[in-house]
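Read in the UniProt record's numbering, the sequence shown has 89 at position 89, and its numbers run on one by one without any break.
The structure appears below as structure tokens.
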Amino acid sequence: MSGELEHLAARLREFVRERDWERFHTPKNLAMALAGEAGELVAEFQWLTAEESCDLGEDALRRVRAELGDVTLYLVRLADALGVDLAEAAHAKLDENERRYDPETYRGSARKAPPLTS
């Protein structure tokens, strides 16, 4: 990882080390915690209309921001535990999506592209 993500990963490593939590931070446990936090994020939007979700009030935005922080922390911790460079992985996935979803074919469409055959 590089830049801000590496700094965040290092802070998380130290946070975990100081509390002797390394044994709990297995990839399985981190992935499960990440899924749980993503569920808490989703719950903040449950029952809102599309319009309401785009214009959150101050309290709702504060809660969403906290849940986004939790999701980010677990994602960065999981990537660090597995030795995955998150920025590199995201760029690689975006590169793949650019190949799969050419603008002329998919502009304005929500349909799924077939898998790449490379």
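Note that the Cβ used here is the ideal one computed from N, Cα and C, for glycine as well.
Fair warning: this is a prediction, and the values are worked out from it, not measured in the lab.
| Alpha-carbon spacing of Gly39 relative to Leu73, whole angstroms | Here residue 39 refers to the residue found at position 39 of the sequence shown. Here residue 73 refers to the residue found at position 73 of the sequence shown. Cα to Cα, the separation comes out at about 15 Å.
| Taking just the CA atoms, how far does Asp85 sit from His91? | Residue mapping note: residue 91 aligns to position 91 of the sequence shown, counting from 1. Residue mapping note: residue 85 aligns to position 85 of the sequence shown, counting from 1. Roughly 10 Å between the two C-alpha positions.
| What are the boundary residues of the alpha helix (DSSP H) that Pro103 is part of? | Here residue 103 is taken as the residue at index 103 of the sequence shown, counted from 1. 103 to 106 is the span of the alpha helix (DSSP H), which, as asked, contains Pro103.
| message | Could you tell me the alpha carbon to alpha carbon distance between Arg62 and Leu30, rounded to whole angstroms? | response | Looking up residue 62 in the sequence shown gives position 62. Looking up residue 30 in the sequence shown gives position 30. Taking the straight line from one Cα to the other gives about 24 Å.
| message | Rounded to whole angstroms, what is the Cα-Cα separation between Ser53 and Ala87? | response | The residue labelled residue 53 in the question sits at position 53 within the sequence shown. The residue labelled residue 87 in the question sits at position 87 within the sequence shown. Answer to the nearest angstrom: the Cα atoms are 27 Å apart.
| Does the separation of the CB atoms of Arg23 and Asp80 fall below 8 Å? | Translated into the one-based positions of the sequence shown, residue 23 becomes position 23. Translated into the one-based positions of the sequence shown, residue 80 becomes position 80. No.
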